[in-house]
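**Student:** What follows is a single structure, and I will ask about it in a moment.
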Amino acid sequence: MEARMGNPAFVVPGAMQALQALGKSVADTGLPKGLLDLVYMRASQINGCGVCLELHGRDLKKNGESDERMWALAGWRDAPYFTDEERAALALTEAVTRLADRPEAVSDEIWNEAADHFDERQLGGLVLAIASINVWNRLNATTRQVAGAWTP
């Protein structure tokens, strides 16, 4: 497998800095890094982004995530390993990632469940985090970035 081009975030001047600034804003909302990595991993599973799956899988492992939770992430609804807060974030992640899959892109039920677990700043950070990983997934998938190509 070979990339079609360099990652647009590196090719377009200022793009990487803008995406990194967005990531820092999200990190500053107080959302736990482990939760964010689960969100990033789940969206990347849906979008089939090998680069992001590898990156966030490594981050999860480095930060002590269990194999059971990582293996069960794609089937989180049927796995006992996730908290109510994580389930709300994962449901929101799936809805935002799959906007066109249903008449009401993000239902009130999904939104209200997330709003029950996160304050407005955190909820805003969660929406930005989901949007951000979807940008990265689309950049990588469109240009066929290769998982592991950047790994030493």
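In terms of this note's numbering, the sequence shown is residues 232 to 383. Using N, Cα and C, we set each Cβ at its ideal position, and we do this for glycine too. No experiment lies behind these values; they were computed from the predicted model shown.
What did DSSP end up calling D350 once you bin it into helix, strand or coil?
**Tutor:** Locating residue 350 in the sequence shown gives position 119, where the first residue counts as 1. The answer is coil: DSSP assigns D350 none of H, G, I, E or B.
**Student:** Which residue comes first and which comes last in the alpha helix (DSSP H) that contains V377?
**Tutor:** By one-based count along the sequence shown, residue 377 stands at place 146. First-last for V377: undefined, no H or E at that position.
**Student:** Might you give, ordered along the chain, the residues of its own chain that have their beta carbon closer than 6 Å to the beta carbon of L267, omitting 5 neighbours on each side?
**Tutor:** Residue numbering aside, residue 267 sits at position 36 when the sequence shown is read from its first letter. Excluding sequence neighbours, L267 sits near A360.
**Student:** Could you tell me the distance, in whole angstroms, from the CA atom of A249 to the CA atom of Q276?
**Tutor:** Here the question's residue 249 lines up with position 18 in the sequence shown. Here the question's residue 276 lines up with position 45 in the sequence shown. Rounded to the nearest angstrom, the two C-alpha atoms are 24 Å apart.
**Student:** Using three-state DSSP, classify S275 as helix, strand or coil.
**Tutor:** As a first step, residue 275 is located in the sequence shown; it is residue number 44 there, counting from the start. The answer is helix: DSSP assigns S275 an H, G or I state.
**Student:** Tell me, to the nearest whole angstrom, how far the beta carbon of M232 is from that of R375; I am working on the premise that it is less than 8 Å.
**Tutor:** Taking the first residue of the sequence shown as position 1, residue 232 is located at position 1. Taking the first residue of the sequence shown as position 1, residue 375 is located at position 144. Yes, M232 and R375 are in contact; Cβ-Cβ is about 7 Å, under 8 Å.
**Student:** Would you identify the three-state DSSP class for E296, choosing helix, strand or coil?
**Tutor:** Counting from one through the sequence shown, the residue named residue 296 turns up at place 65. In this structure, E296 counts as coil in the three-state DSSP scheme.
**Student:** Along the chain, where does the alpha helix (DSSP H) that runs through P239 open and close?
**Tutor:** The residue given as residue 239 occupies position 8 in the sequence shown. Run containing P239: 239–242, per the alpha helix (DSSP H) assignment.
**Student:** Taking a contact to mean a Cβ-Cβ separation below 9 Å, would you say L286 touches L323 in this structure?
**Tutor:** Position 55 of the sequence shown, counted from the first residue, corresponds to residue 286. Position 92 of the sequence shown, counted from the first residue, corresponds to residue 323. The answer is no: Cβ separation not under 9 Å.
**Student:** K264 to A258, Cα distance in whole Å?
**Tutor:** Residue numbering aside, residue 264 sits at position 33 when the sequence shown is read from its first letter. Residue numbering aside, residue 258 sits at position 27 when the sequence shown is read from its first letter. Approximately 7 Å between the Cα atoms of the pair.
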